[in-house]
Amino acid sequence: MRPFSALATFIVAALVVVSFGFLRHDLGIQERSLLQSDDDQLALVLNQVFTGLGSSLTSLDQVMAATNDSPTLFQSESKSIVLNPGASAALTRTVAGQTTVLLAAGPSLTVGQALSGDLAQTVASAGPALSSTKVLSIGDKKFLGLTAGTVPGTAVLSLIPITPSKPSAGGPGPYSQLNFSLYASRTADPAQLIGGTFGLKPLPGVVVHSFTKVGNRQWLVEASAKHSLVGGASTATPWIILVAGLLIALMIGLTSEILSRRRAYAERIADERTVELTIAQAALVRRERLSAVGEMATVIGHELRNPLGAAINLLFLARNKLSGHDDPELNGYLDRLERETNRAASLCEDLTAYMREREAVLIPVDLATVVAEVLESTPPPEGIAVTLGNLGVDLHADRAQLTQMITNLVLNAYQAMPEGGSVHIESARVDGFVEIAVQDSGEGIDPGEADRLLEPFFTTKAVGTGLGLAIVKRFADAHNGTVSIENGSSGGARFSIRLPAKTDEAAP
Amino acid sequence: MSEEVKILVLVADDNEGIRDTTAAILRGAGYAVTEASDGQAALDELSQHDFNVVLLDVRMPRRDGISVVETLRPEPPPPVIVMVSAYDFDTELRKHLDQRVFRYMKKPVPPKELIEAVGQAAAS
Chain A
39 MRPFSALATF
49 IVAALVVVSF
59 GFLRHDLGIQ
69 ERSLLQSDDD
79 QLALVLNQVF
89 TGLGSSLTSL
99 DQVMAATNDS
109 PTLFQSESKS
119 IVLNPGASAA
129 LTRTVAGQTT
139 VLLAAGPSLT
149 VGQALSGDLA
159 QTVASAGPAL
169 SSTKVLSIGD
179 KKFLGLTAGT
189 VPGTAVLSLI
199 PITPSKPSAG
209 GPGPYSQLNF
219 SLYASRTADP
229 AQLIGGTFGL
239 KPLPGVVVHS
249 FTKVGNRQWL
259 VEASAKHSLV
269 GGASTATPWI
279 ILVAGLLIAL
289 MIGLTSEILS
299 RRRAYAERIA
309 DERTVELTIA
319 QAALVRRERL
329 SAVGEMATVI
339 GHELRNPLGA
349 AINLLFLARN
359 KLSGHDDPEL
369 NGYLDRLERE
379 TNRAASLCED
389 LTAYMREREA
399 VLIPVDLATV
409 VAEVLESTPP
419 PEGIAVTLGN
429 LGVDLHADRA
439 QLTQMITNLV
449 LNAYQAMPEG
459 GSVHIESARV
469 DGFVEIAVQD
479 SGEGIDPGEA
489 DRLLEPFFTT
499 KAVGTGLGLA
509 IVKRFADAHN
519 GTVSIENGSS
529 GGARFSIRLP
539 AKTDEAAP
Chain B
1389 MSEEVKILVL
1399 VADDNEGIRD
1409 TTAAILRGAG
1419 YAVTEASDGQ
1429 AALDELSQHD
1439 FNVVLLDVRM
1449 PRRDGISVVE
1459 TLRPEPPPPV
1469 IVMVSAYDFD
1479 TELRKHLDQR
1489 VFRYMKKPVP
1499 PKELIEAVGQ
1509 AAAS
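In order, the protein sequence lines correspond to chains A and B. Numbering (the working numbering) for the first sequence: 39 to 546. Numbering (the working numbering) for the second sequence: 1389 to 1512.
If you want it as structure tokens, here you go:
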């Protein structure tokens, strides 16, 4: 992935994640705030319930005082303050710090029973408002004592059995979505747990605290939400934003990647085309220049023939004029002049031959005849012997070009042996080609220069134009043939031309 | 000096260097040589004298060597013609001029070959 695409994806993804975190945090605050509000309301409701209960207890206390503590009336009236079947009620009297039960209803309290501990203290100090005890353990049971009274020395007590370890059904009415625990203390002391939806187990999730006043005590109301209070859609929103946002980030990255790849591809294609065009243009310019150079070379090759002809004629005339004089030094100069002039003439000849554009016209050629003609027109100098091997191959070639090629190879062999030697010419059929080889007995060639020897004007000799072998190569190419140069097994260089053999299948 | 009848040779070439050196060589070889600097001048000379041999350059101003050959009438018998050129004589040209040309020579022509060729032409 390209850096730009990766960066774009990363930035969008980071923004999405930050937004997600922010929304979640905000939702958490909202949730907690709603929960706290519900818990506070729950505490308030409980407070009203206890206030109501306190009024009932106080009323009963007054009724009992007005009726001189009628046991029958207490039995019937106390039913309104007994909150559950196992609860007990009592009318108590406190005299000189000793609290005893005057009248009793329910299983846990009996008439005449002396109260002690927290229960006794709470009852002794009971006022018009409801007071409560801590959670009391009597035997293996737990109880909560609630008491109130307006008549001095008496109070009404309700002793309610509780089972805090047993989870209750849930909050009242509107608070059914809450888990809660109610403690008869300000802290979440398990010993003071009155009851709750999870029994003795801690509430799951986020827990908020609220307090309700019961007499001179503060009860802790713990609450957590059963389900999200802010609603499913609100809870889902951050997740929807996260998933959608990350998908968008991915799509942005992919789109950017695809676009940038396309652009890079287009640029690369354009670059390649530009390079191709540049190369093609350069090749065209070069070809045109070469063509112009070739044309010029041809013109020069022809135009130089007139001045060279004049020079050759003048040399001849000068020699005739000097025939009477015997001046070896002057004769030496004239000899050199003649050689150089002839060399210039050969160069013109080779240049025009090299530049001549002509297709090879293939006809059956008798190689032995061509070689004989070549040796007649370019006979070996003194000291060089020419031997012929097998020349009886079937050969189709351009006769003029073949003659020129063999002439050039033979001349090349002569020039390679200024001190004399031997030249052997032979032919053979090799791999579908006819090979014509000219082998000399000179010093041989530097193998590293073998290919360069076929280039125009590359020469290792003092004599020659540097075009002879290039012409051989050019004519061999025109025949779809090849030229190879190597050192012979018995010393000297071996130049061989391979021309495609006429296939027998082609013959009718 | 004996009044030997000399063989008449016309050298037609627009290149002065070639023309006068060729003429000098042929004079040295005993021929009577006239020079012409272009094809039209050669035709003028041919109309006035009976030459035995004509050395005719192919490329010349006013009238080229080929045109000169084409203009010559078969009767009375025209001089023997040796064509000279710095360019190749292609097969088409040789076919076109056919029997009317004795020999084709490519420049530069070695003086010995020149003398030999003119000698053979004169004897033909």
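All C-beta atoms, glycine included, are put in the ideal place defined by N, C-alpha and C.
Counterpart residues of residue i in DSSP-defined beta bridges
i         : result
B:VAL1445 : Position check: residue 1445 of chain B holds Asp in this sequence, whereas Val was assumed. According to DSSP, B:ASP1445 bridges with B:VAL1472.
A:HIS462  : A:THR425, A:GLN477
A:ALA263  : A:LEU216
B:ARG1491 : B:VAL1470
A:HIS434  : A:PRO402
B:GLU1423 : B:VAL1399
A:LEU174  : A:PHE181
A:ILE200  : A:LYS180
B:THR1410 : None; B:THR1410 has no bridge partner.
A:ILE523  : A:PHE533
A:PRO538  : A:PHE471
A:PHE249  : A:LEU258
A:ARG131  : A:THR138, A:THR192
A:ALA186  : A:VAL194
A:LEU231  : A:TYR221
A:SER126  : A:LEU197
Rounded Cβ spacing between residue i and residue j (contact assumed at less than 8 Å)
i         : j         : result
A:THR379  : A:LEU353  : 7 Å
A:GLY124  : A:PRO205  : 18 Å between Cβ atoms; not a contact.
A:VAL54   : A:LEU280  : 6 Å
A:ASP77   : A:VAL259  : 6 Å
A:ARG578  : A:GLU295  : Residue 578 of chain A lies beyond the stretch modelled for chain A, which goes from 39 to 546, so this question has no answer here.
A:GLY144  : A:SER169  : About 19 Å separates the two Cβ atoms, so there is no contact after all.
A:GLY233  : A:LEU220  : 6 Å
A:ASN344  : B:ILE1406 : 5 Å
A:SER534  : A:ILE474  : 7 Å
A:ALA231  : A:ALA263  : One detail in the question is off: residue 231 of chain A reads as Leu in this sequence, not Ala. That pair is no contact at about 20 Å.
A:CYS386  : A:LEU346  : 7 Å
A:LEU267  : A:LEU72   : 4 Å
B:ILE1395 : B:ALA1411 : So it is not a contact: roughly 13 Å between Cβ atoms.
A:HIS434  : A:VAL403  : 7 Å
Exposed unless 16 or more other CB atoms sit within 10 angstroms - verdict on residue i
i         : result
A:TYR392  : buried
A:ARG536  : buried
A:TYR564  : In this structure chain A extends from 39 to 546, so residue 564 of chain A is not present and cannot be described.
A:ARG532  : buried
A:GLU69   : buried
A:MET289  : exposed
A:GLU367  : exposed
A:PHE552  : With chain A represented from 39 up to 546, any question about residue 552 of chain A goes unanswered, as that position is not in the structure.
A:ASN351  : buried
A:PRO546  : Only weak support exists for where A:PRO546 lies, its pLDDT of 37 falling under 50; the value from the coordinates is given anyway. Exposed is the call here.
A:THR110  : exposed
A:ILE67   : exposed
B:PHE1439 : buried
A:ARG512  : buried
A:THR390  : buried
A:GLY370  : exposed
B:VAL1398 : Val is not the amino acid found at residue 1398 of chain B; the sequence shown has Leu there. Buried, by the Cβ-count rule.
Cβ-heavy atom distance, residue i to the ligand NAP, below 7 Å
i       : result
A:ARG40 : With respect to small molecules bound, the structure shown includes none, and the ligand NAP cannot be examined in it.
Segment contact flag, the stretch 262–275 of chain A with the stretch 102–111 of chain A, C-beta cutoff 8 Å, min 3 pairs: No: the two stretches stay apart, fewer than three of their Cβ pairs being nearer than 8 Å.
Short-range partners of chain B found in the stretch 354–373 of chain A, where Cβ spacing is below 7 Å: Contact residues of the stretch 354–373 of chain A toward chain B are PHE354, LEU355, ASN358 (C-beta to C-beta distance below 7 Å).
At least three beta-carbon pairs within less than 8 Å, the stretch 403–423 of chain A to the stretch 447–455 of chain A: Put simply, the stretch 403–423 of chain A touches the stretch 447–455 of chain A. At least three CB pairs are less than 8 Å apart.
Contact between the stretch 474–489 of chain A and the stretch 1398–1413 of chain B (3+ Cβ pairs under 8 Å): Between the stretch 474–489 of chain A and the stretch 1398–1413 of chain B, the count of Cβ pairs shorter than 8 Å is below three; the stretches do not touch.
Any 3 or more C-beta pairs closer than 8 Å across the stretch 1457–1471 of chain B and the stretch 1406–1426 of chain B: With the cut-off at 8 Å, the stretch 1457–1471 of chain B and the stretch 1406–1426 of chain B do not touch.
Chain A contacts made by the stretch 1392–1412 of chain B, where a contact means CB separation under 7 Å: The stretch 1392–1412 of chain B vs chain A, Cβ under 7 Å: ASN1403, GLY1405, ILE1406, THR1409, THR1410, ALA1412.
The stretch 1475–1487 of chain B touching the stretch 371–386 of chain A, judged by at least three CB pairs closer than 8 Å: No: fewer than three Cβ pairs fall under 8 Å.
The stretch 78–94 of chain A / the stretch 249–266 of chain A touching (three or more Cβ pairs under 8 Å): Output reads yes: the stretch 249–266 of chain A touches the stretch 78–94 of chain A.
Touching by the beta-carbon criterion (3+ pairs, under 8 Å), the stretch 431–441 of chain A and the stretch 516–530 of chain A: In this structure the stretch 431–441 of chain A lies against the stretch 516–530 of chain A, because at least three pairs of beta carbons, one per stretch, are closer than 8 Å.
Near-chain A residues of the stretch 1488–1509 of chain B - C-beta to any C-beta below 7 Å: LYS1495, PRO1496, VAL1497, PRO1498, PRO1499: these are the residues of the stretch 1488–1509 of chain B whose beta carbon lies less than 7 Å from some beta carbon of chain A, given in chain order.
Against chain A: residues of the stretch 1468–1482 of chain B by CB proximity under 7 Å: If the cut-off is 7 Å between Cβ atoms, the stretch 1468–1482 of chain B has ALA1474, TYR1475 near chain A.
Near-chain B residues of the stretch 335–348 of chain A - C-beta to any C-beta below 8 Å: Of all residues in the stretch 335–348 of chain A, HIS340, GLU341, ARG343, ASN344, PRO345, LEU346, GLY347, ALA348 have a Cβ within less than 8 Å of some Cβ in chain B.
Sufficient close CB pairs (3 or more, under 8 Å) joining the stretch 156–174 of chain A to the stretch 186–194 of chain A: As far as the Cβ criterion goes, the stretch 156–174 of chain A touches the stretch 186–194 of chain A, which means the pair count is three or higher.
At least three beta-carbon pairs within less than 8 Å, the stretch 392–412 of chain A to the stretch 483–493 of chain A: The stretch 392–412 of chain A vs the stretch 483–493 of chain A: no contact.
Chain A contacts made by the stretch 1434–1456 of chain B, where a contact means CB separation under 8 Å: So the list is empty, because no residue satisfies the distance condition.
Cβ-based contacts, 8 Å cut-off: residues of the stretch 1413–1427 of chain B near chain A: Within the stretch 1413–1427 of chain B, ILE1413, GLY1416 place their CB atoms closer than 8 Å to a CB of chain A, listed in sequence order.
Stretch pair the stretch 1446–1461 of chain B + the stretch 1474–1485 of chain B: three plus CB contacts closer than 8 Å: At 8 Å Cβ cutoff, the stretches touch.
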